[in-house]
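Just below is one structure, and these are the notes that go with it.
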Amino acid sequence: MTVDKEAAERLANSFGAEAARYDRTRPPYPDDLIGKIVTASPGPRVVEVGCGTGVLSRQLRQAGLDVLGVEHDERMAGFARGTGVAVEVAKFEDWDPAGREFDAVVAGQSWHWVDADEGPRQAARVLRPGGVFVGLWHVFGTPEPIADAYVAAYAKVAPQMPYRVGHSYDEAFESYQAGCVRTGEALVATGAFSHAERWRADWERGYTTAEYLDLMRTMSPMALLSAEQGTELLADVGRAIDAIGGGFTARYSTLAVAVART
């Protein structure tokens, strides 16, 4: 994705306006990857980068870890606190850990928003020796009629969109897989981390028309549309889902990179 600085800032700050919807619609992380994080962490103290509404933080807490969220958006942080997650408001790269060390730094769907240079150095500063960094990303794909309708709807309502939307599952998978490789390499390049491991879990999730449109409202490209454009986009995609029976099964893969602090 290539966007100008102003658009990137709008995207990064778009989620808080839909915090409750975001928490309701964004999928949890596969249990086996939660188990891998628990096993890889040498202790219970975890900081989650860009914890959002606390989707991943709550899963880690339920698995027995002591989680502190760091979230730059006060609206998202407030929602997470309301679900029992401890949160400090800051961008991770600017956050002051006040001398605290952690056993794991975890980033669920958030590391791509962190400064590429300062993020790895900050992770090295806050991790104890033997601690682990884990970055996770969801990749998903819809049936072809829905994917085609999504691309066509964006092309109609926003032909000047500054970046491409509607990648196929295979294209998205390759992009996120390459992102995992780059993230591992950037951490190792600091000299503070050992070689990276990559994890993967494949799964599926069903959506009705209403459920998928609800999820779409939380997707960052919507922040670049006017209210009228957004309404037209959702209507077009909704008609496409209704045309195939009012629902579908989405294909998901959750990719992760894990790197140990030396």
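Position 224 of the sequence shown, counting from 1, maps to 223 under our numbering, and the rest follow consecutively. All residues carry an ideal CB built from backbone N, CA and C; glycine is no exception. Keep in mind that this is a model prediction, so the values were computed, not measured.
Limits of the unbroken beta strand (DSSP E) element including residue i
{"i": "residue 102", "result": "101-107"}
{"i": "residue 247", "result": "246-260"}
Residue i (DSSP reduced to helix, strand or coil)
{"i": "residue 29", "result": "coil"}
{"i": "residue 48", "result": "strand"}
{"i": "residue 84", "result": "coil"}
{"i": "residue 237", "result": "helix"}
{"i": "residue 268", "result": "This structure cannot speak to residue 268, because the chain is shown only from 0 to 261."}
{"i": "residue 63", "result": "coil"}
{"i": "residue 224", "result": "coil"}
{"i": "residue 178", "result": "helix"}
{"i": "residue 138", "result": "strand"}
{"i": "residue 111", "result": "helix"}
{"i": "residue 216", "result": "coil"}
{"i": "residue 37", "result": "helix"}
{"i": "residue 169", "result": "helix"}
{"i": "residue 230", "result": "helix"}
{"i": "residue 42", "result": "coil"}
{"i": "residue 164", "result": "coil"}
{"i": "residue 89", "result": "coil"}
{"i": "residue 77", "result": "helix"}
{"i": "residue 159", "result": "coil"}
Same chain only: Cβ atoms within 8 Å of residue i, ignoring 5 sequence neighbours per side
{"i": "residue 125", "result": "46, 96, 99, 100, 101 and 104"}
{"i": "residue 184", "result": "195"}
Which residues DSSP lists as bridging residue i, in chain order
{"i": "residue 126", "result": "101"}
{"i": "residue 94", "result": "Its beta-bridge partners do not exist; DSSP assigns none."}
{"i": "residue 131", "result": "103 and 259"}
Beta-carbon contacts of residue i that lie in its chain and below 6 Å, excluding the five residues immediately before and after
{"i": "residue 129", "result": "41"}
{"i": "residue 201", "result": "252"}
{"i": "residue 68", "result": "47, 50, 56, 79, 84 and 86"}
{"i": "residue 193", "result": "259 and 261"}
{"i": "residue 37", "result": "62"}
Residue i: first and last residue of the uninterrupted alpha helix (DSSP H) it sits in
{"i": "residue 201", "result": "Residue 201 -> not in any alpha helix (DSSP H); beta strand (DSSP E) instead, spanning 192-207."}
{"i": "residue 144", "result": "143-156"}
{"i": "residue 22", "result": "18-24"}
Neighbourhood of residue i by C-beta, 7 Å cutoff - its chain only, sequence neighbours within 5 removed
{"i": "residue 57", "result": "82 and 84"}
{"i": "residue 232", "result": "152, 153, 156 and 224"}
Rounded separation between residue i and residue j - CA only
{"i": "residue 250", "j": "residue 169", "result": "11 Å"}
{"i": "residue 60", "j": "residue 77", "result": "18 Å"}
{"i": "residue 28", "j": "residue 225", "result": "31 Å"}
{"i": "residue 70", "j": "residue 109", "result": "10 Å"}
{"i": "residue 245", "j": "residue 208", "result": "5 Å"}
{"i": "residue 11", "j": "residue 89", "result": "The predicted position of residue 11 is uncertain, since its pLDDT is 48 and thus under 50; no value can be drawn from it."}
{"i": "residue 174", "j": "residue 73", "result": "30 Å"}
{"i": "residue 211", "j": "residue 238", "result": "12 Å"}
{"i": "residue 221", "j": "residue 32", "result": "29 Å"}
{"i": "residue 206", "j": "residue 230", "result": "19 Å"}
{"i": "residue 133", "j": "residue 160", "result": "32 Å"}
{"i": "residue 243", "j": "residue 213", "result": "18 Å"}
{"i": "residue 66", "j": "residue 116", "result": "25 Å"}
{"i": "residue 255", "j": "residue 136", "result": "6 Å"}
{"i": "residue 180", "j": "residue 164", "result": "22 Å"}
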